[in-house]
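Enquirer: Be aware that the sequence shown starts at 1, since it is given in the working numbering, and climbs by one per residue.
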Amino acid sequence: MKLINFLSKYKKEFKFSTIFILVLILLKLTYLYFEIDYNGSLINLSTKYDIAEKELKDLEKYGHTLTSIGLTLLIIPFLYLVITNITKYKIIIVSFLTVTSIIIYIGIFQGLTTLIDHIVKENRDKRFSSYYATNLKYKMINKEMGYSSFIPKERLENLSLEDRVIISNLFLLLMHDETLVDRIFDKKNELTESFLLEQKNEKMESSYKEAENKFNNKVKKINEAFDKYVEETKKVNTIIKNIDVKKSDIKKDYEDLKMNMFPKAYKQYTDQVNSFYKKVDLEVSPEKVNVHYNDLLKYFKNQKYSKAKKSYDKAMIKNFGYVIDPNAWCKDGYCPNKSKIIEVIKAEAFKKWDKESIYPIDLTQRDFFLHKETKRKIVNEINQKFGFDLKYDFNYSFDSFEKAYLRKIEKEQKNVHNKFENALDSNFGKDIKVGLSYKEFIQTWKPEIINEYGEKYGEILFKMIEDKNTEGFYSEFYEPYFNEHHASKFIISKEDLTNNKEHEEKGDASIKSMYVIPFAISMSLIASVLNIIDVIGFIILLLTRVIKLEALYNKFVEPILKICLYLFVFIYPYYIGKTNNVLKDYKILNKKHESDIINAYTEFLNWILVVEGFSYKLYEKLK
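1. Looking at the structure shown, is Tyr-147 part of a helix, part of a strand, or coil, going by DSSP?
2. Verify the CB distance criterion: does Tyr-396 have a CB-CB separation below 9 Å to chain D?
3. Are there any heavy atoms of the ligand ATP lying less than 8 Å away from the beta-carbon of His-64, as far as the coordinates show?
4. I'd like to know whether the C-beta atoms of Ile-521 and Leu-42 end up nearer to each other than 9 Å.
5. Quick check on Lys-331: does DSSP put it in helix, strand or coil?
6. Classify Thr-134 as helix, strand or coil using the three-state DSSP reduction.
7. What residues in its chain sit with their C-beta under 8 Å from that of Ala-211, if we drop five residues either side in the sequence?
8. Excluding the 5 residues flanking Phe-6 on each side, which residues of the same chain have their C-beta closer than 6 Å to its C-beta?
9. With distances taken Cα to Cα, identify the nearest neighbour of Leu-27 among Ile-76, Thr-579, Lys-15.
10. Count Cβ pairs between the region 592-605 and the region 561-571 that sit closer than 8 Å; are there 3 or more?
11. What's the C-alpha gap between Phe-441 and Ser-400?
12. Leaving out five residues before and five after Glu-198 in sequence, what residues of the same chain have Cβ atoms less than 6 Å from its Cβ?
13. Whole angstroms are fine: how far does the CA of Leu-136 sit from the CA of Asp-182?
14. Cα separation between Pro-518 and Lys-218?
15. Going by DSSP, what residue range makes up the alpha helix (DSSP H) through Ile-91?
16. Taking the straight line between their C-alpha atoms, what separation do you get for Ser-357 and Lys-258?
17. Taking the CB atoms as reference points, tell me whether Val-611 and Val-569 lie closer together than 9 Å.
18. Alpha carbon to alpha carbon, how far is Ile-465 from Ile-69? Give it in angstroms, no decimals.
19. Secondary structure at Thr-179, three-state DSSP: helix, strand or coil?
20. Contact defined as beta carbons within less than 8 Å: I believe Gly-107 pairs with Tyr-616. What is the distance between those atoms, to the nearest angstrom?
21. Along the chain, where does the alpha helix (DSSP H) containing Trp-445 start, and where does it finish?
22. Output the distance between the C-alpha atoms of Ala-133 and Asp-177, rounded to the nearest integer angstrom.
23. Between Asn-123 and the rest of its own chain, which residues show a CB-CB distance below 7 Å, the 5 nearest in sequence each way excluded?
24. Looking only at its own chain, which residues have a Cβ that is under 8 Å from the Cβ of Ile-361, when we skip the five neighbours before and after it?
25. For Ser-513, count the other beta carbons within 10 Å of its own beta carbon; 16 or more makes it buried, fewer makes it exposed. Which is it?
26. When the Cα atoms are used, what is the spatial distance from Glu-202 to Tyr-474?
27. Taking contact to mean at least 3 C-beta pairs separated by less than 8 Å, is the region 265-272 in contact with the region 292-301?
28. State the Cα-Cα distance for the pair Leu-32 and Lys-506, rounded to the nearest angstrom.
29. Under the rule that 16 or more other beta-carbon atoms within 10 Å means buried, what is His-624, buried or exposed?
30. Taking Asn-606 as part of the alpha helix (DSSP H), name the residues at either end of that continuous run.
31. Give a yes or no on whether the C-beta atoms belonging to Ala-509 and Leu-66 are separated by under 9 Å.
32. Flag this pair as yes or no: are the beta carbons of Phe-604 and Tyr-572 separated by less than 9 Å?
33. Residue range of the alpha helix (DSSP H) that Tyr-269 falls in?
34. Quick check on DSSP: helix, strand or coil for Leu-543?
35. Judging by CA-CA distance, which residue of Leu-436, Ser-437, Leu-461 is the nearest neighbour of Pro-447?
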């Protein structure tokens, strides 16, 4: 009541915004849809024959998520009132609600996970009883075994929703009949024999062909893969052989270099040198020298004039690229001197050669081929022509050329191999090399078979594939595999459930199936009911806001309405359950137990059965 008064006090001044109410209603309705789906799935799974551990874990996680969301949605309105009492800034309000909701959700989720782990941990001593009680539950579901004062065998043919809920609460039967598990375990041989006969007559024989076909398809797939591998290998070997044939061309290609590439390179150099000397001879011909002489003579006659100086400088830059000292043209007291003119022109020409040419002017053939630039050009040209990896230390010998040629062939063949292996990896999804025999090839499938069937039976099946003989599939593999994986694992001792890790996990899974599922069903129903009340309350609030009666509703109607709704959804279903005596068919549950907690929970079943009936009908309609 104090909480209601507190909220009422603040809601007078700080109202829920219409947008907030609409968003919250939408969120709650969405949550209720998934919660109803979860609850129905939980009932179905809890009464499913042989629940897989993964299914149980997935549903447990799903349930924790939904319950955490449901409880968070119940807290959000209070958080809204708190933050709107502090600030009116929408961004702060939204940020606060988002962050706190996430924190609360994570806290509740982790709390539920911790609680479940704690329940399992605290009830480890119940692994043995939970395991065999769970097997009893599956026997009931499979119409094989009943309990006269709980659910008789004749009712197993047509289980009602109430029966399924009660079966999911099988732990109550253990509480009332403490010797039940011991009696089941005492009949383990009989149960095992019955189990095996049934399985062999029904499951084993019906699934044999399916298992055989699956294995034969696997063998067929492997053999087809090998045939394809052999075919592709032949193609690759042909390509590699053709590449290998190129070895015969090594000498021929080297001789071609000696006859064409090398002489051509040297000829280009000598042609350049000869062309240079022809140009020089032309520049120092009598006619050209006379022209230079006359121009220089004019300069020296008029050198005291600036105009003559300018003309000289211009002519020098044009002919030589820079201004040559006028005294350079003088000799033996004569300015200019023709022999000096020839000397300067030749000197300038050689300077220009040294500046512009990579090579010296006077290289012998040997020096030319030893020059680093020559090697660079020839190596680049050879590499481009043949796809080589020659380095600049190439000595022009056949031996070095041959080594590079062989490296190229080896590289080409390796590239073909790699390309082929990559194609194999892509086609088969496995790391397959070139040149494998059948036995080597199928080794790549061995881990897959071992992983699927285990070390012992995987080896048996692989040997069949290796020998290309599957006649012993039934006798050597299927029958012993079936018996071991069903019969031997059906009966587990108390010691194994305590000290064997694999069986410990089975025991813990049985504890969850026995105790956690009823807890999850209860939490799911309670969270759903509370959120339904909230939705109803907010819808009425919106209606009163429309008709301008919100103040009256907040002050007088809402507290009374909420209390009435809470009383209705919790007391009325219980009343219906008690009035209709929904537990009458489960006689053992009508007996008083020495534990008040068990008695209280049994009474709570009256409420659960009624509410679950309503929830499951909704689930079926939604489906």
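For each residue, glycine too, the CB sits at the ideal point set by N, CA and C.
Expert: Taking the geometry as given:
1. Three-state DSSP puts Tyr-147 in a strand.
2. Within the model displayed, chain D is absent; a lone protein chain is all it includes.
3. Of the ligands one can find in the structure shown there are none, so the ligand ATP has no counterpart to examine.
4. Between Ile-521 and Leu-42, the C-beta spacing is below 9 Å.
5. Strand.
6. Residue state, collapsed to three classes: helix.
7. Same-chain partners within the cutoff: Tyr-478.
8. Residue placement at Phe-6 is flagged as unreliable, the pLDDT there being 45, under the threshold of 50; the coordinate-derived value follows with that caveat. Counting only Cβ-Cβ distances below 6 Å, and skipping sequence neighbours, we find nothing.
9. Of Ile-76, Thr-579, Lys-15, the residue nearest in Cα terms is Ile-76.
10. The region 592-605 vs the region 561-571: no contact.
11. So the two alpha carbons sit approximately 39 Å from each other.
12. Since pLDDT at Glu-198 reaches only 45, below the 50 mark, its modelled position is unreliable, and no value is offered.
13. For Asp-182 and Leu-136, the distance between alpha carbons rounds to 12 Å.
14. Pro-518 and Lys-218 have their C-alpha atoms spaced approximately 43 Å apart.
15. Ile-91 -> alpha helix (DSSP H) spans 90-122.
16. Rounded to whole angstroms, Ser-357 to Lys-258 spans 25 Å at the Cα level.
17. Result yes, Cβ atoms of Val-611 and Val-569 sit closer than 9 Å.
18. Cα to Cα, the separation comes out at about 53 Å.
19. Of the three classes helix, strand and coil, the one that applies to Thr-179 here is coil, per DSSP.
20. About 30 Å separates the beta carbons of Gly-107 and Tyr-616, which is beyond the 8 Å limit, so they are not a contact pair.
21. Per DSSP, Trp-445 belongs to no alpha helix (DSSP H) and is neither H nor E.
22. Cα-Cα distance, rounded: 11 Å.
23. Closer than 7 Å at Cβ, skipping near neighbours: Ile-511, Tyr-515.
24. When the five nearest sequence neighbours on each side are left out, the beta carbons in the same chain lying within less than 8 Å of the beta carbon of Ile-361 are those of Val-273, Phe-276, Phe-350, Trp-353, Asp-354, in order along the chain.
25. For Ser-513, the number of other beta carbons within 10 angstroms of its own is at least 16, and it is reported as buried.
26. Note that Glu-202 scores 48 on pLDDT, short of 50, meaning its location in the model is unreliable; the coordinates nonetheless yield the value given after this. Using only the alpha carbons, I get a separation of about 16 Å.
27. They do not touch, by the three-pair rule.
28. If I take the Cα positions, the gap works out to 32 Å.
29. Past the boundaries of the shown model lies residue 624; the chain is included only from 1 to 623, so the question cannot be answered.
30. Per DSSP, Asn-606 belongs to the alpha helix (DSSP H) from 596-622.
31. Leu-66 sits away from Ala-509, with the two beta carbons spaced by 9 Å or more.
32. For Phe-604 and Tyr-572, no; Cβs fall outside 9 Å.
33. Taken as a continuous stretch (DSSP letters only), the alpha helix (DSSP H) holding Tyr-269 covers 262-283.
34. Leu-543 falls in the helix class under three-state DSSP.
35. Residue Leu-461 is the option with its Cα nearest to Pro-447.
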